[in-house]
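Here the structure comes first, spelled out in structure tokens, and everything after it is commentary.
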Amino acid sequence: MAGDTISKLTHIECSICGEHHDPEAVQTICTTCGRALVARYDLEAAKATLTREALGQRVASMWRYEEVMPIRRREHIVSLGEGMTALLATPRLGARAGASDLWVKDEGSNPTGTFKARGISAALSKAVELGVTEVGMPTAGNAGAATAAYAARAGIAAHVAMPADTPAAMMDEVRTYGGSLKLIDGLISDAGAWIADQAAERGWFAMATLKEPYRVEGKKTMGYELWEQFDGRLPDAILYPTGGGTGLIGMWKAFGELEAMGLIGSERPRMIVVQSEGCAPIVRAYDAGADRAEPWADATTIAPGIRVPVAFADDLILQAVRESNGDAITVSDNEIRNAILEVTRAEGIDVCPEGAATFAGMQKLIAGGRLDADSRIVLFNTGTGLKHPELRVTA
Ligand SMILES: *Cc1c(COP(=O)(O)O)cnc(C)c1O
Ligand SMILES: [Zn+2]
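Just so you know, we're using our numbering here: the sequence shown kicks off at 22 and counts up by one.
Here it is in structure tokens:
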């Protein structure tokens, strides 16, 4: 579909120093202070057309929230049908943990099998709109797979760097979609350094988590969908398997936009970070009352999406958790393994290890009196279990 979108994008703003940046130029991080940039919209104008009635008539993907998406021309939207995933009531799973109003937002049905599709669809669309033809992506696995797929969809080149011990399925995806793949002897942070170097030398546009402004815009649509799927209300608590925090920061931003448009009040879900015992920089900072997180040494966990020793926007994650009266908790790899079987067998939802971690985290929070078992709780299953043959029952 050609023509102008009804995007109300006005400018790009630094999340820390407030400096304004041009939305019609390729942007990475703040040129003044080096921190994360975020997109801003004329929400007064957006609210005239972004109503639940209007949304009901629109495309069944995340692109239905067009007013608050950053793309100017419809032909630039690079889509494989991402978003509008199922929000599933899970009473049988809830009963196992004493939770009476438990839901799973199942992101495993997205293109390339994870919610990374949302962020990459948005970022790549904007990059295409601004004339980018070659992108670089450091990844713990799934973002690389999504980047290769969406680059193929857009007809541009993708260069992906990931740890050499990433699950093979994610490497195979990059290669199959025609992306170039560099295996790094290290973690996503080391892949990030390699991509930054190569991008500077070869002119690639680097799309590392929160080092460009638009992946958050894709992931924020999960917040809009929760609002729409719960008939204009938000849940009481959201448990989110946290790596770089794009989705948590994005949903928090969505709730702010919804309030600014008069579509919700000042109430917010408790934003709850779930990390692995072997890599928990945000939980450690939260427990210590710190505003920033120290890098985690020797990060190790069976859940690659949350094997992220350094989150570039750690302060934005911690802010959302604190302002929402949220919480932060770790789970062990063993708890994740058990939770995979509990969720898949109780509800038939094929969880990835990161998604399973949220159920394990919820059980511990309820048992410890830190989470009201009768509140409306949403667990994020961020991807499909199919990419993890190493975690499946084979005998
Ligand atoms: C990337 C990823 C995460 C972490 O997402 P962030 O928004 O970066 O915190 C969780 N689960 C899966 C499956 C992932 O691929
Ligand atoms: Zn700044």
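All C-beta atoms in this analysis are idealised placements derived from N, C-alpha and C, irrespective of residue type, glycine included.
Is residue i helix, strand or coil by DSSP?
i    : result
N359 : helix
A258 : strand
L284 : coil
S201 : strand
S297 : strand
E155 : strand
R61  : strand
R291 : strand
A182 : strand
H41  : strand
K126 : strand
I33  : strand
L71  : coil
F276 : helix
Mind reading off the beta-carbon distance from residue i to residue j? Whole number of angstroms is fine, and I expect it under 8 Å.
i    : j    : result
G77  : A161 : Not confirmed; about 36 Å, so no contact.
V156 : A172 : 6 Å
I323 : L412 : 7 Å
T405 : G102 : The pair is not a contact, with the Cβ atoms about 15 Å apart (cut-off 8 Å).
L123 : G115 : 3 Å
V399 : L247 : 7 Å
V342 : V294 : 6 Å
A169 : G199 : 7 Å
G389 : N163 : The Cβ separation is near 30 Å, so there is no contact.
L504 : A57  : Because the chain in this structure spans residues 22 to 416, residue 504 falls outside the shown range and cannot be described.
V195 : L145 : At roughly 15 Å, the Cβ-Cβ gap does not stay under 8 Å, so V195 and L145 are not in contact.
How long is the line joining the alpha carbons of residue i and residue j, rounded to whole angstroms?
i    : j    : result
D257 : R291 : 6 Å
M10  : S142 : The structure shown does not extend to residue 10, since the chain is modelled only from 22 to 416, so the question has no answer here.
I92  : G140 : 13 Å
Y261 : A229 : 20 Å
P112 : S121 : 7 Å
T321 : C300 : 6 Å
E315 : A69  : 43 Å
E363 : K408 : 18 Å
C54  : I37  : 8 Å
E45  : G268 : 24 Å
A309 : K241 : 28 Å
R397 : A360 : 20 Å
S28  : V89  : 6 Å
Mind checking residue i: buried by the 16 CB within 10 Å criterion, or exposed?
i    : result
H180 : buried
D127 : buried
T197 : exposed
A67  : buried
Provide the residue span of the alpha helix (DSSP H) that contains residue i, from first to last.
i    : result
Y171 : N163 to A175
F423 : This structure leaves residue 423 out entirely; the chain is present only between 22 and 416.
I387 : P374 to A388
A341 : D335 to E344
I98  : Neither: I98 is in no alpha helix (DSSP H) and is coded neither H nor E.
T242 : T242 to Q250
A309 : P302 to A309
On the DSSP letters alone, give me the boundaries of the beta strand (DSSP E) that residue i sits inside.
i    : result
A110 : A107 to A110
Closer than 8 Å, CB to CB, is residue i near chain C or not?
i    : result
G239 : Within the model displayed, chain C is absent; a lone protein chain is all it includes.
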